[in-house]
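The sequence shown maps to residues 12 to 229 in the numbering used here.
Quick reminder that beta carbons are idealized off the backbone N, C-alpha and C, glycines included.
The structure displayed is predicted, hence computed values, not measured ones.
In what follows, a single structure is set out as structure tokens and then discussed.
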Amino acid sequence: MQPDLFAESREAIPLGPGAVLLGGFGLAEASPLLAEIPRLAAISPFRHMTTRSGGRLSVAMFNCGETGWVSDRKGYRYQPLDPETGLNWPPLPQAFLSLAGRAAARAGYDGFLPDACLVNRYDAETRLSLHQDMDERDRAAPIVSVSLGLSASFLWGGLARGDKVRRHRVHHGDVVVWGGPSRLVFHGLDSVERGHHPETGPWRYNLTFRKARCRETS
Ligand code: SIN
Ligand code: FE2
């Protein structure tokens with residue numbers, strides 16, 4: 012990464028090779044991004060998915076984009092239809108694509124065009140345990156993760172589950188980007204603030220942008 016890479020960010024914290032927390036990068040656009048959520052959730056509602064073992068994910072979620080991440084008794088996968096409605100996931104709003112592309116470029120990944128966005132909703136009881144984002148076919152593309160609403164602790168580990176985990180407080184408008192050698196780093200989320208955010212009330216939202224399908228070859 013170039014030394015001037017972080018010059019314009021209010022606060023940018025390198026997390027590792029190819030990974031950075033861009034403090035406040037999405038702050039100016041946070042309100043229009045949030046305004047999309049009820050509109051999208053009217054098409055594909057928030058739901059608590061189940062795991063292969065029958066457990067219930069404490070994070071409420073839905074997707075937008077050409078394909079979406081789902082979990083059920085059959086395991087984790089991407090699929091173009093929302094299993095809850097039987098319909099396509101709602102399309103990715105332009106405002107989402109635009110922020111994701113610019114954040115990726117700031118982190119050194121030009122031309123990021125996600126085909127999936129997982130919208131997560133957390134309250135103070137919600138945890139997302141350490142995991143790798145492994146269900147995407149295109150691992151050349153980075154992950155772009157936008158925090159909205161109440162603050163929380165983002166857990167950032169290493170490439171092995173047992174590696175040391177650091178905690179970074181993520182706030183409204185922060186964006187984390189990871190790819191390249193850090194693409195499969197274990198990460199998670201806990202300690203969502205208990206409180207009331209002026210824009211989201213009792214919730215923290217997270218938009219996770221991914222390129223799930225491989226680049227089309229002609
Ligand atoms: C995720 O890892 O899928 C989401 C992380 C976050 O909510 O910040
Ligand atoms: Fe993840």
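Taking C-beta atoms under 8 Å as the contact rule, L33 and V186 qualify, at a distance of about 4 Å.
A111: member of the alpha helix (DSSP H) spanning 105-117, first to last residue. Note on geometry: alpha-carbon atoms of A223 and W189 lie some 15 Å from one another. Counting along the chain, S164 sits inside the beta strand (DSSP E) bounded by residues 163-167. Each residue's CA atom was taken as its position, placing D83 and A71 some 14 Å apart. If you draw a 10 Å sphere on the C-beta of S55, you find 16 or more other C-beta atoms in it, and that means buried. Taking D174 as the centre and dropping the five residues before and after it, the same chain places the C-beta of G168, F197 closer than 8 Å to its C-beta, in chain order. Annotation for T219 indicates a beta carbon within 7 Å of some heavy atom of ligand 1. In the pairwise beta carbon analysis, the region 156-164 is classified as touching the region 30-49: at least three pairs are separated by under 8 Å.
Under a 10 Å Cβ-count criterion, E136 is classified as exposed, with fewer than 16 other Cβ atoms of the shown protein chains found around its own Cβ.
At the C-beta level, G199 and S140 come within 8 Å of one another. Taking all protein chains in view, the Cβ of T96 is surrounded by fewer than 16 other Cβ atoms within 10 Å, so the residue is classified as exposed. When the beta-carbon positions are compared, F165 and H179 come within less than 8 Å of each other. Taking one beta carbon from each stretch, the region 205-212 and the region 102-118 have fewer than 3 pairs nearer than 8 Å; the two do not touch.
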